[in-house]
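Novice: For reference, the structure I am asking about is given below.
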Amino acid sequence: MRDPGPGTDAGGPASDEEDGGALLSRIPPEPDAVHAAGGLVWRDAPPERDGLEVAVIHRPRHDDWTFPKGHVERGEHVLRAAVREIAEETGLVTELGRRLPSADYFVQGRPKRVDWWAASAVASTGPAFVPNHEVDALEWLPPDEADRRLSYSLDRDLLRAFTAGPRRTRPVVIVRHGDAGGKRDWREPDELRPLDQRGRVQSARLAPLLQMFGTARVVSSATARCVATVLPYARRARADVTTDLAFTVGETSPDRALDRLLALAADGPLIVCTHGEVVSGLVDGLCRRFGEKPPEDASLRKGAFWVAHLAGDSLAALEHHEARV
Numbered sequence: 001m002r003d004p005g006p007g008t009d010a011g012g013p014a015s016d017e018e019d020g021g022a023l024l025s026r027i028p029p030e031p032d033a034v035h036a037a038g039g040l041v042w043r044d045a046p047p048e049r050d051g052l053e054v055a056v057i058h059r060p061r062h063d064d065w066t067f068p069k070g071h072v073e074r075g076e077h078v079l080r081a082a083v084r085e086i087a088e089e090t091g092l093v094t095e096l097g098r099r100l101p102s103a104d105y106f107v108q109g110r111p112k113r114v115d116w117w118a119a120s121a122v123a124s125t126g127p128a129f130v131p132n133h134e135v136d137a138l139e140w141l142p143p144d145e146a147d148r149r150l151s152y153s154l155d156r157d158l159l160r161a162f163t164a165g166p167r168r169t170r171p172v173v174i175v176r177h178g179d180a181g182g183k184r185d186w187r188e189p190d191e192l193r194p195l196d197q198r199g200r201v202q203s204a205r206l207a208p209l210l211q212m213f214g215t216a217r218v219v220s221s222a223t224a225r226c227v228a229t230v231l232p233y234a235r236r237a238r239a240d241v242t243t244d245l246a247f248t249v250g251e252t253s254p255d256r257a258l259d260r261l262l263a264l265a266a267d268g269p270l271i272v273c274t275h276g277e278v279v280s281g282l283v284d285g286l287c288r289r290f291g292e293k294p295p296e297d298a299s300l301r302k303g304a305f306w307v308a309h310l311a312g313d314s315l316a317a318l319e320h321h322e323a324r325v
């Protein structure tokens, strides 16, 4: 959890908005960089104050005010690291919202990358925040007060990036099914082809990553391999998996799949599991429908996923992740 803030040799934040517009898709840190993750945690202010509040923490070791963050552990997924660090430093259970700009700077001459998300506080791991040797105070402040309290310009830049966009977004997750062996080796109807061993591991590792974005409706291609990919998540979330031919290869078209995705997304958070032949058209069409430039390559490896963060009639952010196997 221990994580020094930006030092005096910190450069300005390097933007990862190279795809343009809302597209904050994943750009890996330099190979030798220290990698950290964290969240700008927010909540609706009490009725008497109105507006919103953000969580800032005080670290006695550095005598600074900052946002919760910490190192990504070896083999840990960055999404998991962000949620874990928030919980460890604040005692808060959070759901990740839109991706915020990453910060790149140097600590004692070594490059460091911090990946950030907006994170809504949904619960507490205990009755109240408990001060400890790493974080001895947590305060909920309106953005203007937080701006004055924060110790680092990079954190103030992050706060401004957050307040410049929507606080509340709904995730639309597009998953490509896990590995399912080769078509040539399968003698029965293709829609019955199951996940292979690697695909089953992918589906198991996808489940906790998808949970970082909260509970969502789960819709799948009608093929066995797609249903099996999202079934572990559905079980954890106590959700049903609904099959839909609009996302089934050989049964759909790009326009039909996109129209169905948008119709489902209008009702709230959504996870759709589909095929490689369908993914690119969905992501490309989604971006164009909201007036954003699509990524140059919207394809996914098997077991990977896109997260589009929607707010009203806008695409607030887009990010890409893989379940490591």
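Residue 282 in the UniProt record's numbering sits at position 282 of the sequence shown, with consecutive numbering throughout. Note that beta-carbon positions come from the ideal geometry of N, C-alpha and C, so glycine has one too.
Give a yes or no on whether the C-beta atoms belonging to alanine 317 and arginine 170 are separated by under 7 angstroms.
Specialist: As a working mapping, residue 317 is identified with position 317 in the sequence shown. As a working mapping, residue 170 is identified with position 170 in the sequence shown. No. Outside cutoff.
Novice: Could you tell me whether the stretch 249 to 263 touches the stretch 153 to 168, using the rule of 3 or more Cβ pairs below 8 angstroms?
Specialist: no
Novice: Pull up the distance between the alpha-carbon of aspartate 267 and that of phenylalanine 213, whole angstroms please.
Specialist: For the purposes of this step, residue 267 is taken as the residue at position 267 of the sequence shown. For the purposes of this step, residue 213 is taken as the residue at position 213 of the sequence shown. Using only the alpha carbons, I get a separation of about 16 angstroms.
Novice: Give me the Cβ distance between leucine 138 and isoleucine 57, rounded to the nearest whole Å; I'm assuming they're in contact under 8 angstroms.
Specialist: Position 138 of the sequence shown, counted from the start, is the residue given in the question as residue 138. Position 57 of the sequence shown, counted from the start, is the residue given in the question as residue 57. That pair is a contact at about 5 angstroms.
Novice: Quick one: using the 10 Å Cβ neighbour count with 16 as the cut-off for buried, is proline 68 buried or exposed?
Specialist: For this step, residue 68 is matched to residue 68 along the sequence shown. So proline 68 counts as buried.
Novice: Can you find the residues in the same chain that come closer than 6 angstroms, C-beta to C-beta, to glutamate 277, ignoring five residues on each side of it along the sequence?
Specialist: The residue labelled residue 277 in the question sits at position 277 within the sequence shown. For glutamate 277, where only same-chain residues beyond five positions count, the Cβ hits under 6 angstroms are Val249.
Novice: Roughly how many angstroms separate the alpha carbons of proline 295 and aspartate 284, rounded to a whole number?
Specialist: To locate residue 295, count along the sequence shown from 1; it is residue 295. To locate residue 284, count along the sequence shown from 1; it is residue 284. For proline 295 and aspartate 284, the distance between alpha carbons rounds to 7 angstroms.
Novice: Would you grab the beta carbon distance between aspartate 44 and leucine 52 for me? Rounded to a whole angstrom, and I think it's under 8 angstroms.
Specialist: In the sequence shown, the residue the question calls residue 44 occupies position 44. In the sequence shown, the residue the question calls residue 52 occupies position 52. Sure, about 6 angstroms apart at Cβ, within 8 angstroms.
Novice: Which residue spans inside the stretch 51 to 139 form an unbroken beta strand (DSSP E) run of at least 3?
Specialist: 52 to 59, 64 to 66, 69 to 71, 92 to 107 and 110 to 124
Novice: Tryptophan 236: which of Ala207, Phe247, Glu95 and Leu195 sits nearest, CA to CA?
Specialist: Translated into the one-based positions of the sequence shown, residue 236 becomes position 236. Here the sequence assigns arginine to residue 236, which means tryptophan is not the residue at that position. Taking only the C-alpha atoms, the option nearest arginine 236 is Ala207.
Novice: Within a Cβ cutoff of 8 angstroms, which residues of the same chain sit near arginine 113, ignoring the five residues on either side of it in sequence?
Specialist: Position 113 of the sequence shown, counted from the start, is the residue given in the question as residue 113. Pro29, Glu30, Ala33, Val34, His35, Ala36, Ser102, Ala103 and Asp104, listed in sequence order.
Novice: Using a Cβ distance threshold of 8 angstroms, determine whether the stretch 139 to 152 contacts the stretch 187 to 201, with at least three qualifying pairs required.
Specialist: Fewer than three beta-carbon pairs drawn from the stretch 139 to 152 and the stretch 187 to 201 are found closer than 8 angstroms, and the two stretches are therefore not classed as touching.
Novice: Could you pull out every unbroken beta strand (DSSP E) segment of at least 3 residues lying fully inside the stretch 130 to 189, listed in chain order?
Specialist: 137 to 141 and 170 to 176
Novice: Excluding five sequence neighbours on each side, which residues of the same chain lie with their C-beta closer than 7 angstroms to the C-beta of glycine 75?
Specialist: Your numbering for residue 75 matches position 75 in the sequence shown. Excluding the 5 residues flanking it on each side, glycine 75 has no same chain C-beta neighbour closer than 7 angstroms.
Novice: Just to confirm my understanding: we take alanine 234, look at its own chain, exclude 5 residues before and 5 after, and list those with CB closer than 7 angstroms. What are they?
Specialist: The residue labelled residue 234 in the question sits at position 234 within the sequence shown. Excluding residues within five positions, the ones whose Cβ falls inside 7 angstroms are Val218, Asp240 and Val241.
Novice: Can you give me the Cβ contacts of valine 325 inside the same chain, cut-off strictly under 8 angstroms, excluding the 5 residues immediately before and after it?
Specialist: Translated into the one-based positions of the sequence shown, residue 325 becomes position 325. So the qualifying residues of the chain are Arg198, Val201, Gln202, Arg205 and Gly303.
Novice: Start and end of the alpha helix (DSSP H) containing glutamate 292?
Specialist: By 1-based counting over the sequence shown, the position of residue 292 is 292. That residue, glutamate 292, is in no alpha helix (DSSP H); it is neither H nor E in DSSP.
Novice: Near alanine 298, what residues of its chain come up, given a Cβ to Cβ distance below 6 angstroms and the 5 sequence neighbours on each side ignored?
Specialist: Residue numbering aside, residue 298 sits at position 298 when the sequence shown is read from its first letter. Counting only Cβ-Cβ distances below 6 angstroms, and skipping sequence neighbours, we find Ser280, Val283 and Asp284.
Novice: Checking the sheet assignment: what are the DSSP bridge partners for glycine 38?
Specialist: Translated into positions along the sequence shown, residue 38 becomes position 38. For glycine 38, which the question treats as bridged, DSSP gives the partners Lys69 and Trp116.
Novice: Could you tell me the boundaries of the alpha helix (DSSP H) in which serine 203 lies?
Specialist: Walking along the sequence shown from the start, residue 203 turns up at place 203. 197 to 211 is the extent of the alpha helix (DSSP H) around serine 203.
Novice: Just to confirm, is the Cβ distance from leucine 100 to tryptophan 116 under 7 angstroms?
Specialist: Counted from its first residue, the sequence shown places residue 100 at position 100. Counted from its first residue, the sequence shown places residue 116 at position 116. Yes, the Cβ-Cβ distance between leucine 100 and tryptophan 116 is below 7 angstroms.
Novice: Excluding the 5 residues preceding and the 5 following histidine 177 in the sequence, name in chain order all residues of the same chain whose CB lies nearer than 7 angstroms to its CB.
Specialist: By 1-based counting over the sequence shown, the position of residue 177 is 177. Same-chain partners within the cutoff: Arg225, Cys226, Thr229, Cys273, His275 and Lys302.
Novice: Can you give me the C-alpha to C-alpha distance between aspartate 50 and threonine 215, rounded to a whole angstrom?
Specialist: As a first step, residue 50 is located in the sequence shown; it is residue number 50 there, counting from the start. As a first step, residue 215 is located in the sequence shown; it is residue number 215 there, counting from the start. About 27 angstroms.
Novice: Taking DSSP as the reference, what is the three-state secondary structure of aspartate 44?
Specialist: Walking along the sequence shown from the start, residue 44 turns up at place 44. Of the three classes helix, strand and coil, the one that applies to aspartate 44 here is strand, per DSSP.
Novice: Quick one: Cα of arginine 256 to Cα of phenylalanine 162, how far?
Specialist: Counting from 1 along the sequence shown, the entry for residue 256 is found at position 256. Counting from 1 along the sequence shown, the entry for residue 162 is found at position 162. Near 34 angstroms, if we compare the C-alpha coordinates of phenylalanine 162 and arginine 256.
Novice: Hey, out of Pro232, Leu40 and Val83, whose CA is closest to aspartate 147's CA?
Specialist: Position 147 of the sequence shown, counted from the first residue, corresponds to residue 147. Looking at the Cα atoms, Leu40 is the closest of the given residues.
Novice: Does DSSP put leucine 264 in a helix, in a strand, or in coil?
Specialist: In the sequence shown, counting from the first residue as 1, residue 264 sits at position 264. Correct three-state label for leucine 264: helix.
Novice: Under a three-way DSSP split, which group does threonine 274 fall into?
Specialist: For the purposes of this step, residue 274 is identified with residue 274 of the sequence shown, where counting begins at 1. If DSSP states are grouped into helix, strand and coil, threonine 274 belongs with the strands.
Novice: What first and last residue would you give for the alpha helix (DSSP H) that runs through alanine 228?
Specialist: The residue you call residue 228 lines up with position 228 of the sequence shown. For alanine 228, the enclosing alpha helix (DSSP H) stretches over residues 224 to 237.
Novice: With 16 other CB atoms within 10 Å as the buried threshold, where does alanine 263 fall?
Specialist: Mapped onto the sequence shown, residue 263 falls at position 263. Answer is exposed; the Cβ neighbour count stays below 16.
Novice: Check this for me: beta carbons of leucine 92 and alanine 128, under 7 angstroms apart or not?
Specialist: Working through the sequence shown from its first residue, we reach residue 92 at position 92. Working through the sequence shown from its first residue, we reach residue 128 at position 128. Contact flag unset, no.
Novice: Just to confirm, is the Cβ distance from valine 135 to isoleucine 271 under 7 angstroms?
Specialist: Within the sequence shown, numbered from 1, the residue matching residue 135 stands at position 135. Within the sequence shown, numbered from 1, the residue matching residue 271 stands at position 271. No, Cβ-Cβ distance for valine 135 and isoleucine 271 is not below 7 angstroms.
Novice: Using a Cβ-Cβ cut-off of 7 angstroms (strictly less than) and excluding sequence neighbours within five positions of glutamate 322, which residues of its own chain qualify?
Specialist: Residue mapping note: residue 322 aligns to position 322 of the sequence shown, counting from 1. Cβ neighbours of glutamate 322 beyond the five flanking positions: Arg301, Gly303 and Ala304.
Novice: Looking at alanine 265: is its Cβ nearer than 7 angstroms to the Cβ of proline 166?
Specialist: For the purposes of this step, residue 265 is identified with residue 265 of the sequence shown, where counting begins at 1. For the purposes of this step, residue 166 is identified with residue 166 of the sequence shown, where counting begins at 1. No, these two residues do not count as a Cβ contact at 7 angstroms.
Novice: With a threshold of 8 angstroms on Cβ separation, who are the neighbours of arginine 149 within its own chain once the five nearest residues in sequence on each side are excluded?
Specialist: Indexing the sequence shown from 1 puts residue 149 at position 149. For arginine 149, where only same-chain residues beyond five positions count, the Cβ hits under 8 angstroms are Val56, Trp65, Glu139 and Leu141.
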